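Novice: Residue numbers (this note's numbering): 302 to 510. Here it is: the structure, laid out below.
Rendered as structure tokens:
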């Protein structure tokens, strides 16, 4: 598999602080994941993820030493933005980025766990629905939720999705899912650590878009 699973996320250090440079390099390979879902309906999610990565990178590039970890970004912006924080700067961009990453993580984990519609085992609607409801649904208003419902019906077959994930290379479902499981180990730990950081710093917001 060559698309996104060759770009492994590194293990986290014991303090669970996420290195900003390494994180940005790793997540920069993920936007094409949404091309694998086949439908243009997923283009806004891809665009959001790409845009949020660019915003975080711009902050990091302004002072790599000061913003060496994601936690340092949040701590610095809390002081800089005052009452506007956390709905500002890279803190807000990372808040939405982590939700997009959670969507990817839950979808891949659901596939790796073998969750499926017994009547339509080659469809991935069950997996995408779980991912969307876990990661994004509560932050979306009625209209955006409707768009996602439309996306479900445009979702590819599982075999086509795994083939796209493998960049069209011939690979067995078993081999593909083995790589997915391998990829998920550090990826899940990283996403969990970012969520934990937002909870600890009281930086999570529940507004809808």
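The C-beta atom is built at its ideal place from N, Cα and C for all residues, glycine as well. Just so it is clear, the structure is predicted and the values come from calculations on it, not from any experiment.
1) Going straight from the alpha carbon of residue 453 to that of residue 339, what length do you get?
2) Comparing C-alpha positions only, which one of 496, 336, 489 and 459 sits nearest to residue 418?
3) How many Å lie between residue 427 and residue 337 at the Cα?
4) In chain order, what are the residue ranges of uninterrupted alpha helix (DSSP H) at least 4 long that sit wholly in the region 414 to 454?
5) Do residue 441 and the ligand NAP come close, with the Cβ less than 7 angstroms from some heavy atom?
6) Would you check if the region 373 to 385 and the region 323 to 336 touch, i.e. whether three or more CB-CB distances between them fall below 8 angstroms?
7) Report the three-state DSSP secondary structure of residue 361 (helix, strand or coil).
8) From this set, 474, 456 and 455, which residue's C-alpha is nearest residue 464's C-alpha?
9) Measure the alpha-carbon distance for residue 310 versus residue 424 and round it to whole angstroms.
10) Taking 8 angstroms as the cut-off, decide whether the C-beta atoms of residue 401 and residue 362 are in contact.
11) Hey, how far is the Cα of residue 332 from the Cα of residue 347?
12) Is the Cβ of residue 408 closer than 8 angstroms to any Cβ of chain D?
13) With which residues is residue 320 paired in a DSSP beta bridge?
14) I need the straight-line Cα distance from residue 302 to residue 482, nearest angstrom please.
15) Tell me the residue span of the alpha helix (DSSP H) that contains residue 475.
16) Suppose you measure from the CA of residue 316 to the CA of residue 421; what does that come to, to the nearest Å?
17) Which residues bound the alpha helix (DSSP H) around residue 340?
Specialist: Well, looking at it:
1) Counted from its first residue, the chain shown places residue 453 at position 152. Counted from its first residue, the chain shown places residue 339 at position 38. The alpha-carbon atoms of residue 453 and residue 339 are separated by roughly 11 angstroms.
2) Start at 1 with the first residue of the chain shown, and residue 418 comes out as number 117. Its Cα nearest to that of residue 418, the residue 459 stands out among 496, 336, 489 and 459.
3) Along the chain shown, one-based indexing puts residue 427 at 126. Along the chain shown, one-based indexing puts residue 337 at 36. Each residue's alpha carbon lies about 16 angstroms from the other.
4) 426 to 436 and 443 to 454
5) Inclusion of the ligand NAP in the displayed structure is not the case, the ligand content being empty and no account of it being possible.
6) No, they do not touch.
7) As a first step, residue 361 is located in the chain shown; it is residue number 60 there, counting from the start. The answer is helix: DSSP assigns residue 361 an H, G or I state.
8) In the chain shown, the residue the question calls residue 464 occupies position 163. Cα-wise, what sits closest to residue 464 is 474.
9) Reading the chain shown from its first residue, position 9 is the one you call residue 310. Reading the chain shown from its first residue, position 123 is the one you call residue 424. Taking the straight line from one Cα to the other gives about 28 angstroms.
10) Within the chain shown, the letter at position 100 stands for residue 401. Within the chain shown, the letter at position 61 stands for residue 362. Result no, Cβ atoms of residue 401 and residue 362 do not sit closer than 8 angstroms.
11) Here residue 332 is taken as the residue at index 31 of the chain shown, counted from 1. Here residue 347 is taken as the residue at index 46 of the chain shown, counted from 1. Straight-line Cα distance between these residues: approximately 5 angstroms.
12) In the structure shown, chain D cannot be found, because there is only a single protein chain.
13) Counting from 1 along the chain shown, the entry for residue 320 is found at position 19. Answer by DSSP bridge pairing, in chain order: 370.
14) Taking the chain shown and counting its residues from 1, one reaches residue 302 at position 1. Taking the chain shown and counting its residues from 1, one reaches residue 482 at position 181. Confidence in residue 302 is poor, its pLDDT being 41 and thus under 50, which makes the residue's placement unreliable; the coordinate value appears in the next sentence. Approximately 13 angstroms between the Cα atoms of the pair.
15) Counting from one through the chain shown, the residue named residue 475 turns up at place 174. Where residue 475 is concerned, the enclosing alpha helix (DSSP H) stretches over 474 to 501.
16) The count along the chain shown starts at 1 and reaches residue 316 at position 15. The count along the chain shown starts at 1 and reaches residue 421 at position 120. Spanning the two alpha carbons is a distance of roughly 43 angstroms.
17) In the chain shown, counting from the first residue as 1, residue 340 sits at position 39. No alpha helix (DSSP H) holds residue 340; DSSP gives it neither H nor E.
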